[in-house]
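Just so we're aligned, residue 569 is where the sequence shown starts under this note's numbering, counting upward by one.
For glycine and all other residues, C-beta sits at the position ideal for the given N, C-alpha and C.
Predicted model only: the values in this text are computed from it and were never measured.
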Amino acid sequence: MAKIDLNTLFQFNLFLSFLGEFLIMLMFIRVNHELENSYVVKAEELNDSLKELSVAKEKAEKAAQSRSMFLSSMSHEIRTPINSIIGFTNILLDDDPKEEHKDFLSMIQFSSRNLLVIINDILDFNKMEAGKVELEFIPFDFQSLIHKIFHSMKVKADEKNLSFKLEIDEGISEFLIGDPNRLTQILINLISNAIKFTLDGEIGLVVKLEDTLNDTEIIRFIVRDTGIGIPEKNQKIIFDHFSQADSSTSRKFGGTGLGLSIVKKLVELYGSNITLESKEGEGSEFSFLLEFAKSELIPEEKRFVIQKKSSNQRKNKTILVVDDNELNLKVAFQFIRKCGFECLLASNGKEALQIVSKEKISLVLMDLQMPDWDGFVTTEKIRASGIFTPIIALTADVSIDVSNHVKRSGFLDIIHKPFLPEDLVNKIELYAE
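Set out below in structure tokens:
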């Protein structure tokens, strides 16, 4: 047997060691190369995915913008003729019509206002879906608001011979800080719902002080009825949009099925939630908690007590109405003159600028959507001419974007069409110079 030279063995081991390291290095290089290729592929895939996501996002944003523009346009196109219908109906009802005509006019008024409620529900729901609804936090007369809501809805309950009772905790502060408009919307939706689905019996509104924490009051609101009730299997979907208990309910009682969905979203906006207890054939009870800060400030409507002006005082004030819609001009002219004010009309922005430059105008009621010069441009031109006559925006567009634009554009206030006659008179008396 041949002897193995130790030096040869050492060199062979060294060779194997180098070979092993070389193979490991080759393997590392190969793995690294594969990883690099994989990284490049993944990076390209990720880049493609990001591009697709960006395109999809852009499409979604354009679709949302188109939907918003469509609803804004639809709002204006539908609310404008409704403004004329409601306006002329109010004027005719104030003229002491024959009893049979009065009934017909009341039906027209009721139907047009119902149509307006449906339109407002659809627009509000769209704004909530787009996340464009925000709460206001202003001082308001809480006690007075609750009583106003009660008395306005009691008229509807009386029409169905339903008893409507209000229980309000006397321990609740008179003035609180919150959003009176959204609170009104929540309660009116719930009470309207209760009246709609109650054939006989009673409706109840309970407002009680649940707790007091430092300078805040936690208030529980309960709306209950003795109506048809909601089957247990349908109680989970009753707050879904466009949902009612079943199709026969929708056919029998009508409605869009948006009211409770809007209520739920508004209550959630307050950081709370709404609960439902109901038994089929016995009635329903909706309950929710809202938190309000106590207010030491007196709300504006209490500070500025609007005095009823005499006919002579009103005749000294001239109101300019600017609108490209002839029917709107006729409604405004008849109503303003009927209230004792002088009234001038302009069908476009250029006419308006000429009139305010020559005449002594106490207040301008300015429509926003007009050809050539819209309400914003016209107001800008008037202000640029050194004329600072008070201007109130008149619009059928209820979008938040428009309301925010109005606040930044030199208008004192905004009135949404169709408007209540008393609201318009109050605004005129408050701002007319």
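Nearest residue (CA-CA) to residue i, options the options
i     : options                   : result
K733  : F743, M721 and G849       : M721
T780  : P939, L858, Q902 and D892 : L858
E1004 : L912, R976 and T946       : In this structure the chain extends from 569 to 1001, so residue 1004 is not present and cannot be described.
S846  : I754, G655 and T766       : T766
L844  : L834, L837, L828 and Y838 : L828
G954  : M934, W941 and G978       : G978
P958  : K801, I806, L936 and I929 : I929
I787  : S622, I714 and I796       : I714
S712  : D692, N884, L751 and A631 : L751
N972  : E910, P665, G908 and V701 : V701
N802  : L621, E848 and I745       : E848
Coarse secondary structure for residue i, derived from DSSP in three states
i    : result
F979 : coil
G655 : helix
S816 : With a pLDDT of 47 at S816, under the threshold of 50, the predicted position of this residue should be treated as unreliable, and no value is reported.
D991 : helix
I736 : strand
F944 : helix
P707 : strand
M637 : helix
L758 : helix
V974 : helix
A961 : strand
D779 : strand
K666 : coil
A861 : strand
T794 : coil
Short Cβ contact (9 Å threshold) for residue i with residue j
i    : j    : result
E894 : S915 : yes
E770 : D793 : yes
A920 : I950 : yes
K833 : M938 : no
I646 : I676 : no
F710 : F743 : yes
Y838 : L755 : no
I717 : K776 : no
Chain E within 9 Å of residue i, Cβ atoms only
i    : result
E990 : Any reference to chain E falls outside this structure, which holds one protein chain only.
Where the alpha helix (DSSP H) through residue i begins and ends
i    : result
M721 : F710 to E727
L936 : Looking at the DSSP string, L936 is not in any alpha helix (DSSP H), and its letter there is neither H nor E.
F901 : E894 to K906
K801 : Unbroken run through K801: none, as it is neither H nor E.
G954 : Per DSSP, G954 belongs to no alpha helix (DSSP H) and is neither H nor E.
G827 : G827 to L837
Beta-bridge partners of residue i, as assigned by DSSP
i    : result
C911 : I887
F856 : F789 and I842
E770 : S731
G746 : I706
H984 : T963
G851 : K847
T784 : L781 and A861
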